[in-house]
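Number of protein chains: 4
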Amino acid sequence: MFGGFPASADPYAMSLFQPSDSEYESRIRANFARQQVMQLMGASLRRVEPGAVSIALPYRADLTQQDGYIHAGMITTIADSACGYAAYTLMPADSGVLSVEFKVNLLRPAAGEEFVAEAEVIKTGRTLTVTRCDVYSHAAGEIKLIATMLATMIRR
Amino acid sequence: MFGGFPASADPYAMSLFQPSDSEYESRIRANFARQQVMQLMGASLRRVEPGAVSIALPYRADLTQQDGYIHAGMITTIADSACGYAAYTLMPADSGVLSVEFKVNLLRPAAGEEFVAEAEVIKTGRTLTVTRCDVYSHAAGEIKLIATMLATMIRR
Amino acid sequence: MFGGFPASADPYAMSLFQPSDSEYESRIRANFARQQVMQLMGASLRRVEPGAVSIALPYRADLTQQDGYIHAGMITTIADSACGYAAYTLMPADSGVLSVEFKVNLLRPAAGEEFVAEAEVIKTGRTLTVTRCDVYSHAAGEIKLIATMLATMIRR
Amino acid sequence: MFGGFPASADPYAMSLFQPSDSEYESRIRANFARQQVMQLMGASLRRVEPGAVSIALPYRADLTQQDGYIHAGMITTIADSACGYAAYTLMPADSGVLSVEFKVNLLRPAAGEEFVAEAEVIKTGRTLTVTRCDVYSHAAGEIKLIATMLATMIRR
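Same order as they appear, the protein sequences are chains A, B, C and D. First residue of the first sequence: 1, per my numbering; consecutive thereafter. First residue of the second sequence: 1, per my numbering; consecutive thereafter. First residue of the third sequence: 1, per my numbering; consecutive thereafter. First residue of the fourth sequence: 1, per my numbering; consecutive thereafter.
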């Protein structure tokens with residue numbers, strides 16, 4: 001905002017997040033494979049980086065609400081998992097992660113061919129991690145921001 | 001809270017909500033049947049009353065997250081639909097309803113045989129309706145509050 | 001909702017909250033006296049019960065926004081403190097309490113002679129407590145719900 | 001996130017927000033002067049740009065909670081006003097603006113010499129505008145993100 005910090009001086013820049021578990025990516029990919037609902041929905045894990053994770057969901061008619069758009073709950077499901085995993089990249093190998101709470105603003109109808117939830121960590125703490133997620137629709141080469149989430153995750 | 005109002009004097013009591021469309025229940029049941037994702041998940045519409053709607057979701061392994069609990073996004077999906085339909089009971093016959101935003105607190109892991117989202121309208125306005133939803137788990141005859149949502153719906 | 005539980009069977013009934021610190025009320029009244037901003041605003045602590053606290057704020061022109069209503073931030077301030085103290089009634093004597101996050105829906109303009117924030121605990125945990133707060137305006141003998149908060153508090 | 005769009009291609013870049021009222025800045029400065037609570041708190045309006053507004057609040061002991069930090073409600077007050085005015089920059093000259101709802105995460109204790117709320121518009125619509133606000137503390141030359149808000153504003 002307002003140009004804000006130069007990236008190099010921003011104490012919240014992603015590059016400053018150092019995972020304590022160097023095997024974080026394989027840990028998260030294995031965990032994602034255990035989320036059976038992701039298979040039901042057809043969602044897949046994309047990028048896994050320190051403090052940042054993205055999940056993609058192709059359009060499918062059986063995920064829709066009354067007007068043919070993807071149901072807000074499905075968009076929330078990939079956003080919540082992306083936030084949880086973004087937080088989880090920075091947690092120790094022997095920990096678990098659970099959602100405490102989240103808020104979602106639905107900005108545009110979820111129309112398009114594919115939906116990508118891009119989550120990043122805003123703040124880490126001993127027990128709580130705060131994350132943000134933007135969800136984009138992809139349709140005919142056009143990308144639109146359709147939803148944004150602000151979420152609190154807890155380490156277990 | 002604190003005993004609050006006697007029910008008869010409470011201006012927010014449900015009984016004061018008068019649907020402008022006397023056919024609200026059939027309108028909502030027809031609309032619910034068009035939410036294809038509800039069939040995918042196995043969710044069903046329960047009560048439909050002026051300003052209050054409930055939706056039930058039986059446990060299924062393919063709705064779970066990494067620990068075998070129902071994914072927070074699935075709980076959110078039934079809560080969001082219950083809130084939307086609670087608002088929709090009070091809207092005119094020719095209107096539509098969309099979620100503007102919602103916030104969910106996950107209070108306990110979603111373990112149990114069945115999950116019921118019970119939504120009610122807090123405040124109606126010309127365009128916006130504010131709703132609240134509590135989600136309960138049912139397991140071996142025991143009922144627990146597992147999540148609560150506060151949501152804003154818009155008339156279209 | 002829907003009549004819900006009989007009060008005696010409701011596992012979330014306030015009466016089931018047993019403070020571990022029998023001196024909770026004096027602890028909270030002393031803590032409130034240290035919140036200097038409450039004096040600046042003219043807010044006062046009303047009821048202090050296990051899991052439930054209320055705070056009152058009389059109308060004052062210097063608390064208003066551009067239209068002469070009490071600023072949403074002032075309403076939030078008493079709601080946040082009421083939620084924090086409701087949670088704090090159930091915490092041990094040597095603990096502290098901080099707000100993790102909250103969401104507020106502003107339901108009606110904050111017009112009236114006095115505003116009362118009534119908070120109650122929904123769920124307690126080892127570290128986190130989830131609370132809800134309704135804020136009512138009082139004007140010429142009429143009481144209106146003007147805002148509602150859903151908040152997460154942490155024990156320190 | 002993830003580098004995201006090049007700024008020039010990002011359809012959500014601030015530069016794409018074109019105020020319909022060329023006198024937006026003076027309109028907002030006049031409106032801010034009518035928010036009496038800002039004077040009570042000692043808050044001042046900083047930048048006013050299309051879709052982006054910042055408000056500053058110097059530390060004062062009479063704005064504090066029980067531990068000597070600025071009360072979360074005061075931080076929320078400047079964040080809410082910054083969000084409202086960010087939305088208002090893009091609204092017509094004859095309109096008004098009100099908060100529908102907001103959610104705040106408190107990331108660090110509000111310690112420091114000054115607190116700056118930096119709000120920006122995420123999405124504009126006919127009636128609703130969604131905004132985001134980060135609040136930074138300034139202390140001994142060090143800047144920290146202490147809170148973040150996601151808010152919905154309505155045009156009146």
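Cβ atoms here follow ideal geometry from the backbone N, Cα and C, with glycine treated the same way. This structure is a prediction, so every number in the text was calculated from the model and none was measured.
Reducing DSSP to helix, strand and coil, say where residue i ends up.
i, result
"A:E23", "coil"
"D:D134", "strand"
"B:F32", "helix"
"B:L107", "coil"
"B:Q18", "coil"
"C:D10", "Per-residue confidence for C:D10 stands at a pLDDT of 45, beneath the threshold of 50, marking its modelled position as unreliable; no derived number is given."
Compare the beta carbon distance of residue i and residue j with 9 Å and say whether it is the shorter of the two.
i, j, result
"D:T148", "D:N105", "yes"
"B:L98", "B:R156", "yes"
"D:I146", "D:F115", "yes"
"C:A119", "C:R132", "yes"
"D:Y85", "D:L45", "yes"
"B:A79", "B:A117", "yes"
"B:P50", "B:P19", "yes"
What number of angstroms, rounded off, separates the C-alpha of residue i from the C-alpha of residue j?
i, j, result
"B:Y24", "B:K144", "30 Å"
"A:N31", "B:Q66", "6 Å"
"D:V53", "C:V100", "25 Å"
"D:R126", "A:S22", "48 Å"
"D:A111", "C:Q39", "20 Å"
"C:A139", "B:V130", "23 Å"
"D:T124", "D:S95", "14 Å"
"A:I70", "A:R60", "8 Å"
"C:I75", "B:I122", "18 Å"
"C:K103", "A:L128", "18 Å"
"C:S137", "C:A56", "10 Å"
"C:M41", "C:L63", "7 Å"
"B:D134", "A:V48", "34 Å"
"C:V37", "D:T77", "13 Å"
"D:D10", "A:G141", "In this predicted model, D:D10 has a pLDDT of only 45, less than 50, meaning its place in the structure is not dependable enough to derive any value."
"B:L90", "D:Q35", "35 Å"
"A:G68", "B:C83", "19 Å"
"D:E113", "B:F17", "50 Å"
"A:L150", "B:L150", "14 Å"
"C:S81", "C:R29", "12 Å"
"B:G73", "D:A72", "29 Å"
"D:P58", "A:A43", "47 Å"
Would you list the residues sitting across from residue i in a DSSP beta bridge?
i, result
"C:A147", "C:L106, C:V135"
"A:A117", "A:I55, A:V135"
"A:R155", "A:V97"
"A:T129", "A:T124, A:M153"
Inset, instruction - Quick one: which unbroken beta strand (DSSP E) runs of 3-plus residues sit fully inside the stretch 45-104 of chain B? Chain order, please. - result: 52-58
Legend entry - Chain-ordered residues of the stretch 94-117 of chain A with a beta carbon less than 7 Å from chain F: No chain F appears in the structure shown, which is made up of the protein chains A, B, C and D.
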